[in-house]
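K.L.:
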Amino acid sequence: MDLWRILRREALRNIQPLMLLAVLAAALNLALLTSLNDALLALDDPEGLQRLLIVFLLSAFLWRIAQGWMMNAASKRMQTALAVLRVDLLRRAVAADLPDAMAVGSSRLAQVAGPELQLLAQAVPTLVISFQSVAAILLCLLYLATLSGAAVLIVLCFLVTGGILIGRSVVRLELMSETIHEAESALSERSEHILQTLRECKLNRRRAANALADATSCAETLRKERHRFGAEYSHYFTISELTYYAALAGIIFLLPAVTNTDIATVILAGHAAAFIAYPVITIVASYPSYISAETAARSYLAVEAELKAAPQAAAQGRSGGTDDTFSTIALEGASFRHAGRDGTGSFTVGPVDMSIERGSVVFITGHNGAGKSTLIHMLLGLYPIQRGSLSVDGVPVGPDGLAAHRDRFAVVFSDNHVTRQLYGATTLDDGYAEELLDLLEMSDKVAVDGRAFTTVDLSQGQKKRLALIAALLERKPVLVLDEWAADQSPYFRRKFYREILPWLKARGITVIAVTHDDAYFDAADVQLQVDRGGIRQLLTTVPPGGIPAPDLLPASS
1 MDLWRILRRE ALRNIQPLML LAVLAAALNL ALLTSLNDAL LALDDPEGLQ
51 RLLIVFLLSA FLWRIAQGWM MNAASKRMQT ALAVLRVDLL RRAVAADLPD
101 AMAVGSSRLA QVAGPELQLL AQAVPTLVIS FQSVAAILLC LLYLATLSGA
151 AVLIVLCFLV TGGILIGRSV VRLELMSETI HEAESALSER SEHILQTLRE
201 CKLNRRRAAN ALADATSCAE TLRKERHRFG AEYSHYFTIS ELTYYAALAG
251 IIFLLPAVTN TDIATVILAG HAAAFIAYPV ITIVASYPSY ISAETAARSY
301 LAVEAELKAA PQAAAQGRSG GTDDTFSTIA LEGASFRHAG RDGTGSFTVG
351 PVDMSIERGS VVFITGHNGA GKSTLIHMLL GLYPIQRGSL SVDGVPVGPD
401 GLAAHRDRFA VVFSDNHVTR QLYGATTLDD GYAEELLDLL EMSDKVAVDG
451 RAFTTVDLSQ GQKKRLALIA ALLERKPVLV LDEWAADQSP YFRRKFYREI
501 LPWLKARGIT VIAVTHDDAY FDAADVQLQV DRGGIRQLLT TVPPGGIPAP
551 DLLPASS
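The opening residue of the sequence shown carries number 1 in the UniProt record's numbering; numbering runs sequentially from there.
#1: In the DSSP assignment, what residue or residues form a beta bridge with E357?
#2: Expressed to the nearest angstrom, what Euclidean distance is found between the alpha-carbon atoms of P396 and S389?
#3: CB-CB under 6 Å to D18, same chain, minus the five flanking residues each way: which ones, in chain order?
#4: Helix, strand or coil for T365? Go by DSSP, reduced to three states.
#5: Touch check for the stretch 230-250 and the stretch 265-283: three-plus C-beta pairs under 8 Å?
#6: Going by the CB atoms, is the gap between G359 and T510 shorter than 8 Å?
#7: Check whether the stretch 60-72 and the stretch 89-96 are in contact - that is, three or more C-beta pairs closer than 8 Å.
#8: Assign D45 to buried or exposed, taking buried as 16 or more other Cβ atoms, counted over all protein chains shown, within 10 Å of its Cβ.
#9: Which residue marks the beginning of the beta strand (DSSP E) containing Q527, and which one marks its end?
#10: Mark I54 as exposed unless 16 or more other C-beta atoms lie within 10 angstroms of its C-beta, in which case mark it buried.
#11: What residues in its chain sit with their C-beta under 7 Å from that of W69, if we drop five residues either side in the sequence?
#12: Am I right that A39 and L28 are in contact with their C-beta atoms under 8 Å? What's the rounded C-beta distance?
#13: Which ranges does the beta strand (DSSP E) cover as unbroken runs of at least 3 residues, wholly within the stretch 151-220, from first to last along the chain?
#14: Taking the alpha-carbon of I251 as reference, which of E294, L436, A151 has the nearest alpha-carbon?
#15: Going along the chain, which unbroken runs of the alpha helix (DSSP H) with 4 or more residues stay wholly within the stretch 406-479?
#16: Out of curiosity, what's the CA-to-CA distance linking A121 and L173?
#17: Alpha carbon to alpha carbon, what distance is there between S185 and L138?
#18: When you compare each of I364, A309, Y497 to L440 by their alpha carbons, which one comes out closest?
#19: Just how far apart, CA to CA, sit D2 and Y290?
#20: Quick one: grab the DSSP three-state call for P399.
#21: Can you name the residues that DSSP bridges to V514?
#22: With H, G and I counted as helix, E and B as strand and the rest as coil, what does DSSP make of T261?
#23: Quick one: grab the DSSP three-state call for G508.
#24: I need the boundaries of the beta strand (DSSP E) containing L390, first residue and last residue.
#25: Report all residues from its chain with a CB closer than 6 Å to the CB of A113; omit the five preceding and five following residues, and keep chain order.
#26: At 4 residues or longer, what runs of the alpha helix (DSSP H) sit wholly inside the stretch 237-299?
#27: Report yes or no: do the stretch 481-490 and the stretch 417-430 share at least 3 C-beta pairs separated by less than 8 Å?
#28: What does DSSP give as the partner residue(s) for F492 in the beta ladder?
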């Protein structure tokens, strides 16, 4: 019961007050029943009827208060628990080693942290009401026992028989729910593909037809599975209803036949059995919500388990101020192997021997798939060095030092996601942002307002410029660019290599750029060629110990 594991851990701690409210609401339900039953016996007593009316109204008023408190408390607890679960999942994703976090998948993380956790929020109030309904049924049975022991036995007999039949249906519903979840995921994947490739679909009718046919097939599978679920739920619901009616019929027809129960007691017992109908229907109707929440809880716990199992040593390092006093960052005999789906190595980068001197402009070149991005991730400390070492000024960077090492770098990846918020920026009131906007020729399109860009609704090349501005506003000593110029116009590409790179170098910023622009390789101090996971140096103009740069980099704060 994965749902209960999550609820016990987060939402149901110190749950006694909530359960007491549920029992109180159920007891007040019973008070409503007993006042009505007593009224049936006092129809010829006007004063007695007035007293019972007051009891009924008071019970209804108190029930409304208890019910409201219970629902509000349940909602507050669950929303608090959801906030904790979401943030905890994101923290684990950030803390995990990058390959492990990427193996989980961003779309899967977003699905679990968003819509699937919301299913838990929607289910909890229903489950609380179901608990109250169970309490109400038990109290009604106790009241029924005070009227007739035989009546209780008859009702229990039918409830147990119906419960066995319902239990079989529940097992089938749970299996169908798993199948529906898989079908929904498949349809969501196909739908996302179509929406992300609308231009390609419009340009290729065969592609569009095949993509739509695939999505249609998934939609048809989902329709059939949901239809099966609906039919089974209808069976489940009708059995539940028939169980209730059979119990009521048992009291009306069997109780007088097998016992000497008087008519008044039969009427009261029948009324008490009828009063059980609402809580029974409530429990029955809540089950689909419970199944959906159980499936969502299972998905959450699976993702959480994967992230818990991932190495998180780097997350334990303490993040302090950026250390820009280094002279050399080096990989020595370093290698990293990408594991295939079956656990075997599919591609290895290394062993690599390379060094980055402070203040230099380093180009990393090579054909697609050679290992350039992997090499960058190793240098940044995002991929663990499986053999060899990563060092700064000859001192190996251990697990406790990875966080501080990563703080040296500002990065614009090739698939960089641009946000309006400047989360990593330092001081923004010294004119540096405006200077960068002018340098990147973006001041007529966007501005920095507070700690955010005024817009990111721009072309791909302009978004890359904003990403570079955001990276430079972090004021880190090392700037890493992964094919940054690929999305720029010929004019701006030339400006980047001939004007912006010298501007960065003059301010003491070390630049590491992955590039294919062979026409501008001369702009680098060092060119490192990556081929089949290996590396060789083609060009260097950097003296040992790095380039003494003027102190023009704006101070961090």
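Cβ atoms here follow ideal geometry from the backbone N, Cα and C, with glycine treated the same way.
P.N.:
Taking the geometry as given:
#1: T328
#2: 6 Å
#3: According to the sequence as given, residue 18 is Leu; it is not Asp. Excluding positions up to five away in sequence, the list reads A73.
#4: strand
#5: yes
#6: yes
#7: no
#8: exposed
#9: 526-531
#10: exposed
#11: L21
#12: At roughly 16 Å, the Cβ-Cβ gap does not stay under 8 Å, so A39 and L28 are not in contact.
#13: none
#14: A151
#15: 432-439, 460-472
#16: 21 Å
#17: 40 Å
#18: Y497
#19: 11 Å
#20: helix
#21: I364, D482
#22: coil
#23: coil
#24: 387-392
#25: R86, L89
#26: 255-258, 263-275
#27: no
#28: According to DSSP, which records beta bridges pairwise, F492 is partnered with nothing at all.
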